[in-house]
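2 protein chains.
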Amino acid sequence: MTSQELTEQIFKKKSFLCIGLDTDLEKIPTYLLTEENPIFSFNKAIIDATHEFCVAYKPNIAFYEAAGEKGWTALRKTIQYLHEKHPDIYTIADAKRGDIGNTSRMYAKAFFEDLGFDSITVAPYMGKDSVEPFLEFENRHTILLALTSNEGAFDFQTLKSNGEDIYKKVIKTSRKWKNSENLMYVIGATKAEYLQEIRKIIPDSFLLVPGVGAQGGSLEDVCKYGMTKNVGLLVNSSRKIIYASQSSNFAEIAAAKASSIQALMQQELEKIQ
Amino acid sequence: MTSQELTEQIFKKKSFLCIGLDTDLEKIPTYLLTEENPIFSFNKAIIDATHEFCVAYKPNIAFYEAAGEKGWTALRKTIQYLHEKHPDIYTIADAKRGDIGNTSRMYAKAFFEDLGFDSITVAPYMGKDSVEPFLEFENRHTILLALTSNEGAFDFQTLKSNGEDIYKKVIKTSRKWKNSENLMYVIGATKAEYLQEIRKIIPDSFLLVPGVGAQGGSLEDVCKYGMTKNVGLLVNSSRKIIYASQSSNFAEIAAAKASSIQALMQQELEKIQ
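Residue numbers (my numbering), protein chains in the order written: chain A, 59 to 331; chain B, 59 to 331.
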């Protein structure tokens, strides 16, 4: 999916919500554990209930790997289900990969070719040749970690080099890489005021924003400082939606949560139309 | 395995060689492709032929993920084979993971608990709370990327902050994290002269050194600047060994390569005994 098509979907569905599928066998309703593939059964129920309120799903790959081969199968079945039933929904492999060139190429192959994700999150520490193999794929996006939403973000990302934060250096340097038009960026919502500065460097890029709600970020602030005329935002919520309830009507309650966030997003979108 | 036991193995086998299992279906001898699990068959042949010359194996996780569920099965079979046949060999999951706390915990669970690796490589960009969940595991090591062997290492790792390289800040800061005694570091061999500086910060830590040979680093220089009285070095070679030949005697030729590196390592070890 191109970023233009993603913007179209956002205006059509009046939502820029991304739902994180951090599916944990210890947190899903216990009655699902008797299913053939409990992780996929949970994801399917969540997707069926919430797809009209969001434009993207983001499986968090760690949770699938922790379940071994069965987890990998669940991941494949989830992405296949999305491709078949909801081909207009954008998919993000939250993998935070990054390695030397030939290895990054294998990761790109795994997530773009084999599984067919639209995008993948990638860590910048190893620089240009660790990211460019992902950027080679046409109509696929590489979502580079810039300023993350966790406490540890302040360990290295906000160190100053020549008077400039490292995360800004990461963003600026990445603009010079080959096929940099395929880049998006992770910017934590807990630091919404930083968005104003970031928009000076990347006025048009899509930003994937985690940490709204659960981690204290405000949707209104994120939109105030980060929204562009093409929206340029995907705001993620994971646990607040998918684990809103552990009862048998968990999917319905997840849908209600997603719907309430979508309603707030609709208000924000009306401001730019 | 503790680092003390690793040192003992090194002196016993007169080798600090780590063999990287970057097993690629497109590079292994084609006659193996008819086997039930070609990746595992290749790894088994390499392990059978080379185990006496090395102290560690390092599967590169990207190559297994690119093969989907079958790749994950190959990874599991490889590690099980090592545990059964060669319990004295140290294992490294070259995964370069790192995410917010609850997600890093899932990766730690996948690689330490489910697969049973002795160690995993981790990226530092997201800071303290992205690494500490790995450090919680007793007798398991977290091998933090500090200065990598690729060209892109110079994009961010060697930026100066307050007059000090970022990779040094990473090392220094990481020493303050909880259970930091479980840390090792990735230091690229192409920058052997940096090792002298690095040893001032971490005089005793084990370093995983990629890039000797193929990428131009010299084993002698690495030892000169990086070796401690407990050795403190694992030097990795992947493609130069495992793809030394694609003929039916590939394992034998890989063993000859590994043996020639072990002989050089023996000379270096004699200097500190």
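Cβ atoms here follow ideal geometry from the backbone N, Cα and C, with glycine treated the same way. What you are looking at is a predicted structure, and each value in this text was computed from that prediction instead of being measured.
Through-space distance from residue j to residue i, alpha-carbon basis
i, j, result
"N208 of chain A", "E255 of chain A", "19 Å"
"P88 of chain A", "A120 of chain B", "Before going on, a small fix: residue 88 of chain A reads as Thr here, not Pro. So the two alpha carbons sit approximately 32 Å from each other."
"T231 of chain A", "K186 of chain A", "9 Å"
"G246 of chain B", "V270 of chain B", "8 Å"
"F169 of chain B", "I150 of chain B", "9 Å"
"E222 of chain A", "F98 of chain A", "44 Å"
"F417 of chain A", "R163 of chain B", "The requested residue 417 of chain A is not part of the displayed model; chain A covers only 59 to 331."
"G284 of chain A", "K116 of chain A", "20 Å"
"M184 of chain A", "T216 of chain B", "11 Å"
"V244 of chain A", "V189 of chain B", "19 Å"
"T206 of chain A", "E63 of chain A", "26 Å"
"Y65 of chain A", "F264 of chain A", "A small correction: the amino acid at residue 65 of chain A is Thr; Tyr does not occupy that position in the sequence shown. Rounded to whole angstroms, T65 of chain A to F264 of chain A spans 9 Å at the Cα level."
"F214 of chain A", "Q304 of chain B", "43 Å"
"Q67 of chain B", "D172 of chain B", "25 Å"
"L90 of chain B", "F100 of chain B", "7 Å"
"S296 of chain A", "D80 of chain A", "7 Å"
"Y252 of chain A", "R233 of chain B", "29 Å"
"I224 of chain B", "T179 of chain B", "18 Å"
"E326 of chain B", "G210 of chain A", "39 Å"
"S219 of chain B", "K226 of chain B", "10 Å"
"Y165 of chain B", "G78 of chain A", "17 Å"
"P262 of chain A", "T248 of chain B", "Looking at the sequence itself, residue 262 of chain A is Asp, so the reference to Pro does not match. Going from the Cα of D262 of chain A to the Cα of T248 of chain B covers about 38 Å."
"L291 of chain A", "T161 of chain A", "30 Å"
"Y139 of chain B", "W235 of chain A", "42 Å"
"C76 of chain A", "C76 of chain B", "41 Å"
"N118 of chain B", "N118 of chain A", "20 Å"
"N240 of chain A", "N240 of chain B", "38 Å"
"L202 of chain B", "S306 of chain A", "42 Å"
Pick from the options that is closest to residue i, judged by C-alpha positions
i, options, result
"D152 of chain B", "B:S305, B:V267 and B:S263", "B:V267"
"N71 of chain B", "B:I330, B:Q304, B:Q331 and B:Q324", "The sequence shown places Lys at residue 71 of chain B, rather than the Asn named in the question. Of the candidates B:I330, B:Q304, B:Q331 and B:Q324, the one whose C-alpha sits nearest the C-alpha of K71 of chain B is B:Q324."
"H144 of chain B", "B:L79, B:C112, B:N220 and B:K167", "B:C112"
"K329 of chain B", "B:N294, B:L64, B:I201 and B:K287", "B:K287"
"T136 of chain B", "B:F175, B:M164 and B:Y165", "B:F175"
"F308 of chain A", "A:Y225, A:E222, A:K102 and A:T60", "A:K102"
"I147 of chain A", "A:I229, A:S296, A:S73 and A:A312", "A:S73"
"D279 of chain B", "B:A250, B:K218, B:S61 and B:T179", "B:A250"
"E127 of chain B", "B:N95, B:I77 and B:H141", "B:N95"
"K167 of chain B", "B:L277, B:E142, B:L140 and B:T200", "B:T200"
"V293 of chain B", "B:A114, B:N220 and B:E93", "B:A114"
"S333 of chain A", "A:L291, A:M242, A:T161 and A:W235", "This structure gives no information on residue 333 of chain A, because the portion of chain A shown stretches from 59 to 331."
Contacting residues, own chain, Cβ-Cβ under 7 Å from residue i (five flanking each side not counted)
i, result
"E310 of chain A", "A107"
"T60 of chain B", "N197"
"A312 of chain B", "I104, A107, T108, I299, I300 and A302"
"E334 of chain A", "With chain A running from 59 to 331 in the structure shown, residue 334 of chain A is simply not present."
"H141 of chain B", "G174"
Nonlocal neighbours in the same chain, by C-beta distance under 8 Å from residue i, ignoring five residues either side
i, result
"L125 of chain B", "According to the sequence shown, residue 125 of chain B is Ala rather than Leu. L83, I97 and A132, listed in sequence order."
"N237 of chain B", "E190, L193 and E194"
"E93 of chain A", "S99"
"Q331 of chain B", "F69"
Close Cβ partners of residue i (< 6 Å) along its chain, the five nearest in sequence each way excluded
i, result
"V228 of chain B", "P182 and A204"
"C281 of chain A", "E326"
"L277 of chain A", "V270 and L322"
"V289 of chain A", "T65, I68 and F74"
C-beta neighbour in chain E for residue i, strict 8 Å
i, result
"T131 of chain B", "The question asks about chain E, but that chain is absent: this structure's protein chains are A and B."
- Message: So if I threshold CB-CB distances at 7 Å, which residues from the segment 163-196 of chain B count as touching chain A?
- Response: For the segment 163-196 of chain B, which is checked against every Cβ of chain A, the residues closer than 7 Å are M164, Y165, K167, A168, D172, A181, P182, Y183, M184, G185, K186, D187 and S188.
- Given 8 Å as the limit, is there contact between the segment 155-168 of chain A and the segment 121-133 of chain A, that is, 3 or more CB pairs closer than that? Contact annotation: the segment 155-168 of chain A does not touch the segment 121-133 of chain A, with fewer than three C-beta pairs closer than 8 Å.
Counting pairs of Cβ atoms below 8 Å between the segment 186-197 of chain B and the segment 258-271 of chain B, do you hit three or more? These segments do not touch.
*Is the segment 69-84 of chain B in contact with the segment 308-318 of chain A, if contact means three or more CB pairs nearer than 8 Å?*
Taking a contact to require three or more Cβ pairs closer than 8 Å, the segment 69-84 of chain B and the segment 308-318 of chain A do not qualify as touching.
query: Does the segment 294-312 of chain A come close enough to the segment 99-110 of chain A to have 3 or more Cβ pairs within less than 8 Å?
result: The segment 294-312 of chain A is in contact with the segment 99-110 of chain A.
Of the residues that make up the segment 194-220 of chain A, which ones have a beta carbon closer than 9 Å to any beta carbon in chain B?
-> Listed by position along the chain: L203, T206, S207, N208, E209, G210, A211, F212, D213, F214, Q215, L217, K218, S219 and N220.
**Prompt:** Just by C-beta distance, which residues in the segment 279-299 of chain B are closer than 7 Å to chain A?
**Reply:** Legend: CB atoms of the segment 279-299 of chain B lying less than 7 Å from CB atoms of chain A are not found in any residue.
Taking only beta carbons into account, state which residues of the segment 230-241 of chain A come closer than 7 Å to chain B, listed in chain order.
For the segment 230-241 of chain A, residues whose beta-carbon sits nearer than 7 Å to a beta-carbon of chain B comprise T231.
Open item on the list: Can you pull out the residues from the segment 118-129 of chain B whose beta carbon lies closer than 7 Å to at least one beta carbon of chain A?
Closed with: So the list reads N118, A120, F121, E123, A124, G126 and E127, given in the order they occur along the chain.
Checklist entry - When you check each C-beta in the segment 260-272 of chain B against every C-beta of chain A, which residues fall closer than 7 Å? => result Of all residues in the segment 260-272 of chain B, none places a beta-carbon less than 7 Å from a beta-carbon of chain A.
| query | Of all the residues that make up the segment 68-84 of chain A, which are near chain B by a beta-carbon distance shorter than 7 Å? | reply | For the segment 68-84 of chain A, which is checked against every Cβ of chain B, not one residue is closer than 7 Å.
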